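Visitor: With this note's numbering, you'll find the sequence shown wraps up at 436, consecutive numbering, no jumps. All C-beta atoms, glycine included, are put in the ideal place defined by N, C-alpha and C. This one's a predicted model, so the numbers in the text were calculated from it and none came from an experiment.
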Amino acid sequence: MKRDDIIDHEGVILDINPDYITVEILSSSACGSCAAKGACSLGEVEAKVVEVANSGYDQYEPGERVNVLLLKSLGHKALYISYLIPLLILVSILLSLSAAGAGDLITGLAIIGGLALYYSIVYLFRERFRKEYVFTIEKLN
296 MKRDDIIDHE GVILDINPDY ITVEILSSSA CGSCAAKGAC SLGEVEAKVV EVANSGYDQY
356 EPGERVNVLL LKSLGHKALY ISYLIPLLIL VSILLSLSAA GAGDLITGLA IIGGLALYYS
416 IVYLFRERFR KEYVFTIEKL N
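(1) Gly306 by DSSP, collapsed to three states: which one?
(2) Can you name the residues that DSSP bridges to Leu260?
(3) So, Glu271 versus Leu321, is the Cβ gap smaller than 7 Å?
(4) Measuring alpha carbon to alpha carbon, tell me which residue in Gly403, Ser387, Ile316 is nearest Ser350.
(5) Below 8 Å on the Cβ atoms is my guess for Glu319 versus Ala348; work out the distance and round it to an integer in Å.
(6) From the DSSP output, in three-state form, read off Tyr375 for me.
(7) Can you say whether Val363 is buried or exposed, counting buried as having 16 or more other CB atoms within 10 angstroms of its CB?
(8) Residues in the same chain with beta-carbon distance under 7 Å from Thr431, minus the five sequence neighbours each way, listed in chain order, please.
(9) Specify, as a first and last residue, the run of the beta strand (DSSP E) that Glu422 falls within.
(10) Per the DSSP calculation, Thr402 is bridged to which residue(s)?
(11) Measure the C-alpha to C-alpha separation of Ile246 and Asp310 and round it to an integer number of angstroms.
(12) Is it the case that the CB of Ser391 approaches a heavy atom of the ligand PLP more closely than 6 Å?
(13) Output the boundary residues of the beta strand (DSSP E) element that contains Leu321.
(14) Along the chain, where does the alpha helix (DSSP H) that runs through Ala394 open and close?
(15) Do the stretch 379 to 391 and the stretch 405 to 416 touch if we need at least three Cβ pairs shorter than 8 Å?
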């Protein structure tokens, strides 16, 4: 796997348990020049906590600085799931109900209902997403 295919952020290990290592990702001014900043919301917040599966990570300790890694293709997929698909749902409901002559209240409620249904489905598949979006960590050089 090439380094260009990976999104990485520096973080600090907060907690280690048998199942997960909890890492706080530090916001950095380097996010502004990152090639993946459009697909990554980590640069927009000051601190983000992620859980990394604890499989063979005995060599890490709480407080240690590490790199958190994610495949760039998964970052793009997350962008589609969280932003692009809901936008398409919103626009399609808006345009179709406006063209059908529905009132603003009905259109607004339909948009809210459509997005609530979409995010409910995403919530139901959260375990599948958790298994697919696998973060890894590595020691800083």
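Guide: Based on what the coordinates show:
(1) strand
(2) No answer is possible for residue 260: the residues shown for the chain start at 296 and end at 436.
(3) Only positions 296 to 436 of the chain appear in the structure, and residue 271 is not among them; the question remains open.
(4) Ile316
(5) Not really, about 17 Å apart at Cβ, beyond 8 Å.
(6) helix
(7) buried
(8) Val347, Leu364
(9) Note, Glu422: premise wrong, no beta strand (DSSP E); alpha helix (DSSP H) at 421 to 427.
(10) DSSP, once it has assigned bridges, lists no residue as partnering Thr402.
(11) Absent from the structure is residue 246, since the part of the chain shown begins at 296 and ends at 436.
(12) For the structure depicted, the ligand PLP is absent and the ligand set is empty, with no information on it obtainable.
(13) 315 to 321
(14) That run of the alpha helix (DSSP H) goes 380 to 394.
(15) yes
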